[in-house]
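Encoded as structure tokens, the structure appears first; notes follow it.
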Amino acid sequence: MFWIFAIFLAVTAALLVSIPLMTRRGRDGGAEPTDAEVYRDQLSEIDRDEASGLIDGDAALQARAEIARRLIAATRAEPKTGLSTGSRTAVAVAVFLCLVFPAGGLALYARMGVPQAPDLPLRARFESPSPDNNILIRKAELRLEAHPEDGRGWEVLAPIYLGQGRAADAVNAWRNAIKLLGVDPRRYGGLAEALVVLNRGRVNAETREAFAKVLELVPGDPRARFYLALADGQEGRYDAAIAALRALKTDSPADAPWIAVTDEQIARMTAAKDQQATAPGNPTQEDIEAAAQLSDTDRMQMIRTMVEGLDDRLKDNPGDIEGWKRLVRSYAMLQEPDKAAAALDRGLAVFPADTENGKALIALARELGVSGKDRTE
Numbered sequence: 134m135f136w137i138f139a140i141f142l143a144v145t146a147a148l149l150v151s152i153p154l155m156t157r158r159g160r161d162g163g164a165e166p167t168d169a170e171v172y173r174d175q176l177s178e179i180d181r182d183e184a185s186g187l188i189d190g191d192a193a194l195q196a197r198a199e200i201a202r203r204l205i206a207a208t209r210a211e212p213k214t215g216l217s218t219g220s221r222t223a224v225a226v227a228v229f230l231c232l233v234f235p236a237g238g239l240a241l242y243a244r245m246g247v248p249q250a251p252d253l254p255l256r257a258r259f260e261s262p263s264p265d266n267n268i269l270i271r272k273a274e275l276r277l278e279a280h281p282e283d284g285r286g287w288e289v290l291a292p293i294y295l296g297q298g299r300a301a302d303a304v305n306a307w308r309n310a311i312k313l314l315g316v317d318p319r320r321y322g323g324l325a326e327a328l329v330v331l332n333r334g335r336v337n338a339e340t341r342e343a344f345a346k347v348l349e350l351v352p353g354d355p356r357a358r359f360y361l362a363l364a365d366g367q368e369g370r371y372d373a374a375i376a377a378l379r380a381l382k383t384d385s386p387a388d389a390p391w392i393a394v395t396d397e398q399i400a401r402m403t404a405a406k407d408q409q410a411t412a413p414g415n416p417t418q419e420d421i422e423a424a425a426q427l428s429d430t431d432r433m434q435m436i437r438t439m440v441e442g443l444d445d446r447l448k449d450n451p452g453d454i455e456g457w458k459r460l461v462r463s464y465a466m467l468q469e470p471d472k473a474a475a476a477l478d479r480g481l482a483v484f485p486a487d488t489e490n491g492k493a494l495i496a497l498a499r500e501l502g503v504s505g506k507d508r509t510e
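Numbering-wise (the numbering used here), the sequence shown opens with residue 134 and increments by one.
Dropping the structure here:
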């Protein structure tokens, strides 16, 4: 039945393509008229000319006789099939499409395919002694749906999910494994890693807490130390981040696989720190020393004045992404969510949400609990 249906579809598709080629175009379609058609038109013109008085009856009669003679000769000279060279070519193409092309496809499949293989419905695939990975994963999922208390099942499935790019499912699986099986550095490390992937490299509060738990259970764990330093850098604490990364490098073997990426992050954060130091709106050393001598009320007023100054400067220099990050963070820390949301929207107007800077701005806002009307992620 399948083969009949497949052949029927192939021939039908070929016919649909061939019909326009086989259709003979009329004169309106731009094809050249035949001699017989020209002579018939001339006879009609003679009738019109005689009726309008342009020629007399005798001249019209002689002209009709001559054209009729030519018309008879032209009609006899036409091919009996009525097909032009172009039409014959169209027929050949149609035959190829309708017969040769489907037959060739079937022959190729018969040689390279597996036509003798039986149908394999979903149930049969589930019962196969050697199912593929997707079937195995689905079997595990069905078992967990029936037995959600199986912590070991969640623990086995979590890294598989992450390997397939299903970060959200991996996070959920690790959470269930930790809830059911208890505290374990491997489980917290897997959860933290899945969260990093889910948040596109950002280390949010939950991720930081998971890595801190790993470090508590396994002091000196290099992965946890690296990501906690990365979190400091993402929050603008470059001195702490650089110091932590350098300490990690010092404590690691020279051939450790994370040395190269650690050096890259140190260089990146050092450059970001230098840029931050020269960016407009940052407090000078004199400002810091003066703030230390003020009362809490006066110090808070000084901070607000500096934040408002940064806000004003960004209106003239909107291309400063670090400035927008500082502004959103500052308003959030000052407990002014409306201003923080407005700053986020203004920043996203300069750096759209689908750009790297826009994504970084949105990720920061998520961590701070800031939500603007223009957020798209």
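All C-beta atoms in this analysis are idealised placements derived from N, C-alpha and C, irrespective of residue type, glycine included.
**Item:** Own chain partners of Y172 with C-beta closer than 7 Å, once the 5 adjacent residues on each side are dropped
**Value:** The residues are I200, R203, L204 and A207.
**Boundaries (first-last residue) of the alpha helix (DSSP H) holding F359** = P355 to Q367 is the span of the alpha helix (DSSP H), which, as asked, contains F359.
**Asked** Between S428 and I436, what straight-line distance do the alpha-carbon atoms span, to the nearest angstrom?
**Response** The alpha-carbon atoms of S428 and I436 are separated by roughly 12 Å.
**Request:** Could you work out which residue in V144, R320, D354 and A373 is closest to A362 when comparing CA atoms only?
**Result:** Comparing C-alpha distances from A362 to each of V144, R320, D354 and A373 shows the shortest one belongs to A373.
**Check whether L378 and I392 have beta carbons under 8 Å apart** = Cβ atoms of L378 and I392: not closer than 8 Å.
**Asked** Unbroken alpha helix (DSSP H) runs of length 4 or more, entirely within the stretch 369-407: which are they?
**Response** Runs of the alpha helix (DSSP H) inside the stretch 369-407: 371-384.
**Item:** Cβ neighbours of F141 in the same chain (closer than 7 Å, five flanking residues each side left out)
**Value:** Residues of the same chain with their beta carbon placed closer than 7 Å to that of F141 are lacking, with the five preceding and five following residues left out of the count.
**Request:** Using the Cα positions of F484 and N267, report the straight-line distance between them to the nearest angstrom.
**Result:** Using only the alpha carbons, I get a separation of about 40 Å.
**Message:** Please classify N450 as buried or exposed, where buried requires at least 16 neighbouring CB atoms within 10 angstroms.
**Reply:** It counts as exposed.
**Message:** Can you check which of these residues, D444, D487 and L313, is closest to L472 by C-alpha distance?
**Reply:** Checking the sequence, you will find Lys at residue 472 rather than Leu. Taking each of D444, D487 and L313 in turn and checking the Cα distance to K472, the smallest one comes out for D444.
**Item:** 6 Å CB neighbourhood of Q175 in its chain, flanking five on each side removed
**Value:** Within the same chain, Cβ atoms closer than 6 Å to the Cβ of Q175 are found at I200, the five residues on either side in sequence being excluded.
**Asked** Going by other Cβ atoms of all chains shown within 10 Å of its Cβ, with 16 needed for buried, is T214 buried or exposed?
**Response** With a pLDDT of 47 at T214, under the threshold of 50, the modelled position of that residue is not reliable, and no figure is offered here.
**Prompt:** For A343, which three-state DSSP category applies?
**Reply:** Here A343 sits in helix by DSSP.
**Message:** Tell me whether the stretch 281-291 and the stretch 304-313 touch, counting them as touching only if at least three CB pairs, one residue from each stretch, are closer than 8 Å.
**Reply:** Segments in contact, yes.
**Item:** Element boundaries [alpha helix (DSSP H), containing P470]
**Value:** Residues P470 to V483.
**Asked** Looking only at its own chain, which residues have a Cβ that is under 6 Å from the Cβ of Q195, when we skip the five neighbours before and after it?
**Response** Nothing listed; no residue qualifies.
**Message:** Quick check on the burial criterion: 16 or more other C-beta atoms within 10 angstroms. Buried or exposed for K312?
**Reply:** The residue is exposed, with fewer than 16 neighbouring Cβ atoms inside 10 Å.
**Prompt:** Can you give the beta carbon distance from A325 to A310, rounded, assuming they're within the 8 Å contact cut?
**Reply:** For A325 against A310, the beta-carbon gap comes to about 13 Å, at or over 8 Å, which does not count as contact.
**Message:** Mapping the DSSP letters down to three states, classify T145 as helix, strand or coil.
**Reply:** Three-state DSSP puts T145 in a helix.
**Asked** Which whole-angstrom value describes the C-beta separation of A364 and V330, a residue pair presumed to lie in contact below a C-beta threshold of 8 Å?
**Response** In this structure, A364 and V330 do not form a Cβ contact; the two beta carbons are roughly 15 Å apart against a cut-off of 8 Å.
**Prompt:** Any idea what DSSP makes of Q175, helix, strand or coil?
**Reply:** Q175: helix per DSSP, three-state reduction.
**Asked** Does the beta-carbon distance from C231 to A327 come in below 8 Å?
**Response** The answer is no: Cβ separation not under 8 Å.
**Request:** Use the C-beta contact count for S463: other C-beta atoms within 10 angstroms, 16 or more gives buried, fewer gives exposed.
**Result:** That one is buried.
**Item:** CB-CB length for P352 against L381, believed under 8 Å
**Value:** At roughly 13 Å, the Cβ-Cβ gap does not stay under 8 Å, so P352 and L381 are not in contact.
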